[in-house]
Amino acid sequence: MSNLGLLNNRYQIEGRIGSGGMAEVYRARDLMLERAVAIKLLREDFTHDLAFRERFKQEAKAAASLSHPNIVTIHDFGFDEQQVFIVMEYIPGTDLKSILESRGILSVEETFHLIIQACAGIGYAHRAGLVHCDVKPHNMIVTPDQRLKVTDFGIARALASIQSQEVNNVVWGSPQYFSPEQAAGRPPSPASDVYGLGVVLYEMLTGRLPFTAGTAAELSRMHRTAAPTPPIEYNPLIPPSLEQACLKVLSKEPSSRYRTADQFGRVLISLRNSLQASQAEVAPTAINISYESAPQPVLPRKSISRTQPTPVPQPDPQPSWEPSSSAYEPTQAPKYPSGTRNALDIDWGTWALVVLMVISLGGLIPFWVWIYFLYNPPGK
Numbered sequence: 001m002s003n004l005g006l007l008n009n010r011y012q013i014e015g016r017i018g019s020g021g022m023a024e025v026y027r028a029r030d031l032m033l034e035r036a037v038a039i040k041l042l043r044e045d046f047t048h049d050l051a052f053r054e055r056f057k058q059e060a061k062a063a064a065s066l067s068h069p070n071i072v073t074i075h076d077f078g079f080d081e082q083q084v085f086i087v088m089e090y091i092p093g094t095d096l097k098s099i100l101e102s103r104g105i106l107s108v109e110e111t112f113h114l115i116i117q118a119c120a121g122i123g124y125a126h127r128a129g130l131v132h133c134d135v136k137p138h139n140m141i142v143t144p145d146q147r148l149k150v151t152d153f154g155i156a157r158a159l160a161s162i163q164s165q166e167v168n169n170v171v172w173g174s175p176q177y178f179s180p181e182q183a184a185g186r187p188p189s190p191a192s193d194v195y196g197l198g199v200v201l202y203e204m205l206t207g208r209l210p211f212t213a214g215t216a217a218e219l220s221r222m223h224r225t226a227a228p229t230p231p232i233e234y235n236p237l238i239p240p241s242l243e244q245a246c247l248k249v250l251s252k253e254p255s256s257r258y259r260t261a262d263q264f265g266r267v268l269i270s271l272r273n274s275l276q277a278s279q280a281e282v283a284p285t286a287i288n289i290s291y292e293s294a295p296q297p298v299l300p301r302k303s304i305s306r307t308q309p310t311p312v313p314q315p316d317p318q319p320s321w322e323p324s325s326s327a328y329e330p331t332q333a334p335k336y337p338s339g340t341r342n343a344l345d346i347d348w349g350t351w352a353l354v355v356l357m358v359i360s361l362g363g364l365i366p367f368w369v370w371i372y373f374l375y376n377p378p379g380k
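Numbering (this note's numbering), first residue to last: 1 to 380.
Here is the structure:
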């Protein structure tokens with residue numbers, strides 16, 4: 001659409017905000033609902049294929065049913081003057097690919113924050129029975145308040161209908177991000193989207209793709225057979241547990257990855273929480289050590305009073321990073337080893353029993369003497 005105009009007698013085109021290999025994106029005004037929207041116009045050569053139009057209609061209906069904070073909502077779709085269009089909510093922000101190109105490596109904290117949101121959105125689609133098929137940072141929009149939204153659900157699958165055989169000849173998705181099974185021409189599954197999330201995670205942590213090549217055919221071969229370079233070799237600040245999770249989702253076999261984006265997201269949340277807990281345990285101890293290691297001021301001799309204060313115990317030469325558990329226990333009475341007793345302790349109960357026994361025995365002696373003389377009187 002070279003000239004600004006009215007689309008479908010409802011959407012006033014205001015300007016182009018982006019373009020790609022298969023579509024152009026415009027900012028527009030919905031005259032009926034009086035709101036800003038984003039409109040994606042697919043290339044005109046797609047519109048002449050009836051199979052594509054029918055498949056696109058089905059995929060757009062499925063994508064329009066998705067309602068999630070991390071998914072760009074589809075408001076409308078249709079055909080206008082033989083041109084296919086999709087009307088979506090307008091999201092002010094920047095796509096993740098542009099952010100990576102301008103900044104390179106993202107911090108581990110920011111990576112966790114963004115990739116977990118991507119997993120949440122794509123995982124919601126998986127629960128609805130929908131596979132994205134083209135997971136890449138170009139299809140992830142980051143708002144100024146760091147909210148990530150995934151877009152373009154179903155478009156890659158609809159494009160596959162242009163070919164006569166989906167299984168043998170179609171490469172689904174973008175060459176840099178598609179899974180080994182997509183590279184082999186097999187239909188994608190939720191595990192294929194998980195592989196794409198792994199490629200995005202790798203790029204966020206290292207600032208580069210796991211595989212690069214001059215042709216799509218070579219990229220396809222590398223995705224199917226080559227092992228990626230461990231991310232920690234490019235960024236030593238990556239936690240080993242996060243690196244292991246990233247390499248797991250880049251496995252060649254779908255069964256070796258996490259099955260859905262939801263499962264991958266839960267693993268990432270668990271890793272983030274454990275890392276934050278570890279940092280929270282180390283940080284206070286590090287502060288205490290810095291205070292203890294500070295040199296103590298030496299007071300002049302004349303300022304020392306006659307009554308000396310109680311000396312403060314000095315810290316160990318090599319303080320432990322973990323506080324001793326006894327430091328948090330309440331003060332208790334001293335305990336003695338088993339088999340020993342304090343010399344001042346008196347077992348009053350035992351002594352009472354001894355006295356009672358003596359009294360009892362003392363009382364029985366006169367009784368037995370009387371019995372004896374009763375049966376054996378003197379003089380017999």
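Positions of the beta carbon are idealized from the N, C-alpha and C atoms, including for glycine.
Every value quoted in this text rests on a predicted model; they were computed, and no experiment measured them.
Residue i and residue j look like a contact to me (Cβ under 8 Å); what is the Cβ gap, rounded to whole Å?
| i | j | result |
| --- | --- | --- |
| V72 | I91 | 6 Å |
| T260 | P188 | The pair is not a contact, with the Cβ atoms about 13 Å apart (cut-off 8 Å). |
| G198 | C246 | 6 Å |
Given a cut-off of 8 Å, decide if residue j and residue i are closer than it, judged by their beta-carbon atoms.
| i | j | result |
| --- | --- | --- |
| P175 | A120 | no |
| N70 | A36 | no |
| I105 | G207 | yes |
| E59 | H75 | no |
| A51 | K40 | no |
| H132 | F153 | yes |
| T111 | V142 | no |
| A183 | H138 | no |
| A227 | L219 | no |
| V84 | L130 | no |
| F79 | V87 | no |
| P254 | S192 | yes |
| K252 | P180 | yes |
| L271 | L242 | yes |
Considering only C-alpha positions, which residue in the set the options is nearest to residue i?
| i | options | result |
| --- | --- | --- |
| V135 | I39, R224, I155 | I155 |
| V194 | N376, L268, P378 | L268 |
| S67 | T212, Y124, R16 | Y124 |
| R16 | E181, A38, R55, S360 | A38 |
| E81 | G265, N9, P240 | N9 |
| E14 | L374, A28, K97 | A28 |
| V202 | T225, L114, I371, A64 | Checking the sequence, you will find Tyr at residue 202 rather than Val. The shortest Cα separation from Y202 among T225, L114, I371, A64 belongs to L114. |
| A128 | D262, K252, M357 | D262 |
| E101 | V200, R55, I371, P378 | V200 |
| Y177 | K97, Q244, S241, S256 | K97 |
| M140 | G196, S179, E181 | G196 |
| P240 | S274, P180, R221 | S274 |
| I122 | R266, L271, S360, F367 | R266 |
| L6 | D30, R272, L364 | D30 |
| A64 | Y258, E44, L374, T151 | T151 |
| Y11 | D49, E34, L353 | E34 |
| F264 | Q244, S278, Q276, L374 | Q244 |
With residue i as the anchor, note down where its alpha helix (DSSP H) starts and where it stops.
| i | result |
| --- | --- |
| Y177 | Run containing Y177: none; DSSP gives neither H nor E here. |
| F77 | Taken as a continuous stretch (DSSP letters only), F77 belongs to no alpha helix (DSSP H), being part of the beta strand (DSSP E) at 74–80. |
| Y234 | From DSSP, Y234 is part of no alpha helix (DSSP H); its letter is neither H nor E. |
| K97 | 96–103 |
| D145 | Run containing D145: none; DSSP gives neither H nor E here. |
| P228 | Element bounds for P228: n/a, residue is neither H nor E. |
| L197 | 190–206 |
At what residues does the beta strand (DSSP E) containing residue i begin and finish?
| i | result |
| --- | --- |
| K40 | 35–42 |
| G123 | Note, G123: premise wrong, no beta strand (DSSP E); alpha helix (DSSP H) at 108–127. |
| G18 | 11–19 |
| V412 | No answer is possible for residue 412: the residues shown for the chain start at 1 and end at 380. |
| K149 | 148–150 |
| D49 | First-last for D49: undefined, no H or E at that position. |
| I141 | 140–142 |
| D30 | 23–30 |
Would you say the region 268–284 touches the region 139–148, given that touching needs at least three Cβ pairs under 8 Å?
Fewer than three beta-carbon pairs drawn from the region 268–284 and the region 139–148 are found closer than 8 Å, and the two stretches are therefore not classed as touching.
Between the region 193–209 and the region 226–240, are three or more C-beta pairs nearer than 8 Å?
Flag = yes, the region 193–209 and the region 226–240 touch.
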